[in-house]
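Undergrad:
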Amino acid sequence: MADGDRSFGVGELMGFILEGAVWKGTAIFGSIGPTEIILLLILALILLGPSKLPELARSLGQAINEFKRATSQAMETSPATPAPAQAQVQEVAPAKREKSVRELARELGIDTTGKTDEEIEKEILALVKKKESSE
């Protein structure tokens, strides 16, 4: 083997293809230009014949429409916020709740030091009931 010769295994070749390897300055799976599209149409015409080409175009159009419909339905049914954002909201919610219960207790004149949220809530409810019964 010469210095420039190198044999590739199937795995290595697939790796190059899947990674979009660059060969002589152009991407292997780069964008398809108008010349390539015309060449593909001529090749399809030769292989399938003029009678099958409209059927192929129709089925391709239907497949594209089905794909668009499925993606739009998936976007509509997916939640507006991603799961990590929802998890962050769920983590923040108890902290905000705790803060608001403690703030409410302080506003009502209830001492919150050393008490759990449940104890504070019970005291708030008792105070509210007491005020309602006195009115």
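Per the numbering used here: the sequence shown = residues 720 to 854. Beta carbons: idealized from backbone N, C-alpha and C, even for Gly.
1) Between Leu823 and Ser852, what straight-line distance do the alpha-carbon atoms span, to the nearest angstrom?
2) Using only the alpha-carbon positions, how far apart do Arg821 and Leu844 sit?
3) For Glu840, which residues of its own chain have a beta-carbon under 7 Å away from its beta-carbon, when the five flanking residues on both sides are left out?
4) So, using beta-carbon positions, are Leu758 and Leu764 closer together than 8 Å?
5) Flag this pair as yes or no: are the beta carbons of Leu767 and Leu775 separated by less than 8 Å?
6) For my contact list, Ile829 and Glu842 are in at a C-beta cut-off of 8 Å; report their separation, rounded to the angstrom.
7) Cβ of Arg825 within 8 Å of Cβ of Thr831?
8) With DSSP collapsed to three states, give me the class of Leu827.
9) Can you give, in chain order, each stretch of the alpha helix (DSSP H) that sits fully within the region 750-804 and has at least 4 residues?
10) DSSP three-state label for Lys834, please.
TA: Inspection of the coordinates gives the following:
1) Within the sequence shown, residue 823 is the residue found at index 104, counting from 1. Within the sequence shown, residue 852 is the residue found at index 133, counting from 1. Their backbone Cα atoms lie some 20 Å apart in a straight line.
2) In the sequence shown, the residue the question calls residue 821 occupies position 102. In the sequence shown, the residue the question calls residue 844 occupies position 125. Each residue's alpha carbon lies about 13 Å from the other.
3) The count along the sequence shown starts at 1 and reaches residue 840 at position 121. Val820.
4) Sequence index remark: in the sequence shown, residue 758 carries index 39 (1-based). Sequence index remark: in the sequence shown, residue 764 carries index 45 (1-based). Against a cut-off of 8 Å, the Cβ pair of Leu764 and Leu758 comes out as no contact.
5) Within the sequence shown, numbered from 1, the residue matching residue 767 stands at position 48. Within the sequence shown, numbered from 1, the residue matching residue 775 stands at position 56. Going by C-beta atoms, Leu767 is nearer than 8 Å to Leu775.
6) Taking the first residue of the sequence shown as position 1, residue 829 is located at position 110. Taking the first residue of the sequence shown as position 1, residue 842 is located at position 123. At roughly 5 Å, the Cβ-Cβ gap stays under 8 Å, so Ile829 and Glu842 are in contact.
7) In the sequence shown, residue 825 corresponds to position 106, counting from 1. In the sequence shown, residue 831 corresponds to position 112, counting from 1. Yes, they are a contact pair.
8) Residue mapping note: residue 827 aligns to position 108 of the sequence shown, counting from 1. Residue state, collapsed to three classes: coil.
9) Counting only runs of 4 or more, we get 753-767, 772-796.
10) In the sequence shown, counting from the first residue as 1, residue 834 sits at position 115. Three-state DSSP puts Lys834 in coil, outside helix and strand.
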